[in-house]
Ligand code: HPA
Ligand code: ZN
């Protein structure tokens, strides 16, 4: 039995930082820091339309999802070689380790790269090598989830899947990301059915900017196991009941929601409401290089702004393991680790 509720409030920030956690919503291309963008641009002889790291960072003022995506895809244009993909993922995994992330399920966007003539093999092998090295050298387990870009066609998603199948053992599932409004989940029903038949795990971004209807169709037509973001679900009481009853996890990204103006202030974020409604909510960083923080920064700023308590911190960390795609025995091991960290704090 955990005694986390006895933790003194002044020790909460230290506990948030120290508690072991899983990250389930991180776009690896969104972990590309301006310094690495410039280093890779130079290494690969790629021109980027910014004079300095500072100028690039100043461009990170977003009004909505699309204004971010335009810069995010431009940043990814410096990635050409397998070593570039390795270096990007390794830098993320080192940061994850520093934040006591013990398990990460990492999104990648192959179409952003194959459209520029980079081979699928180059992308997958570079990222996968970093995941193997993280397990061996950092003790961080990591797995890849291939995302289809929803602003492109379902036919292009099928082509991407075909290109990826020779590397089937190097990714655990598929997701759906990019511009949400106007590209509902049902546009990808056939390709998700095929991925399901292949035994891949299924997730999709839904209810970030889009309506609760997109969360319903992600569940009922795509048959996803988790919803990425999903914060708009609170507008639909029947959907909230469905998510709670079926224990469908939401991979919530508070600093992303703040930077993309989904909520006007972090204090207005609905993560507490989602937890109070019994939903399996988790905290994640989404695109940490662009949104001003990795995992612990998301936890620290969200708790400071919303007044969430120590019991909710424990619940969020436990949810992250429960909602992950790791084997039950590994989940147990990680939750035991979490309980040990509680015991060390109270
Ligand atoms: N939403 C949709 N697509 C994305 C995101 C996001 O938050 N980050 C990277 N691609
Ligand atoms: Zn995302």
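Numbering (this note's numbering), first residue to last: 49 to 394. Beta carbons are placed, not taken as given, at the ideal position from N, Cα and C, and that holds for glycine.
Runs of alpha helix (DSSP H) with 4 or more residues, each lying fully within the region 155-216, are found at 158-162, 168-181 and 202-212, listed in chain order.
In this structure, the alpha-carbon of residue 160 lies about 20 Å from that of residue 178.
As a beta-bridge residue in DSSP terms, residue 225 pairs with 197. For the options 187, 224 and 214, the alpha carbon positioned closest to that of residue 202 is the one of 224. Of the other Cβ atoms in all chains shown, fewer than 16 fall within 10 Å of the Cβ of residue 246; this residue is therefore exposed. Counting along the chain, the unbroken alpha helix (DSSP H) around residue 117 starts and ends at 113-123. For the pair of segments examined, the region 120-127 was found not to touch the region 233-247: the number of CB pairs separated by less than 8 Å stays below three. By the 16-neighbour rule on beta-carbons within 10 angstroms, residue 274 is buried. Judged by DSSP in its simplified three-state form, residue 129 adopts coil rather than helix or strand. With a cutoff of 8 Å on beta-carbon distance, residue 220 and residue 249 are scored as near each other. By the Cβ rule, the region 349-361 does not count as touching the region 275-285, because fewer than three pairs are nearer than 8 Å.
Where residue 276 is concerned, there is no enclosing alpha helix (DSSP H), although the beta strand (DSSP E) around it starts and stops at 274-277.
Residue pairing from DSSP leaves residue 317 without any beta-bridge partner.
The chain-ordered list of residues whose CB is nearer than 6 Å to some heavy atom of ligand 2 reads 73, 75, 225, 253, 276 and 334.
Assigned with DSSP and collapsed to three states, residue 71 falls in strand. Secondary structure of residue 328 (DSSP, three-state): coil. The criterion of a C-beta distance shorter than 8 Å is not satisfied by residue 114 and residue 189. Minimum Cα-Cα distance from residue 184 among the listed residues 386, 151 and 166 corresponds to 151. In the structure shown, residue 375 falls within a coil segment according to DSSP collapsed to helix, strand and coil. In the DSSP assignment, residue 298 falls within the unbroken beta strand (DSSP E) covering 297-300.
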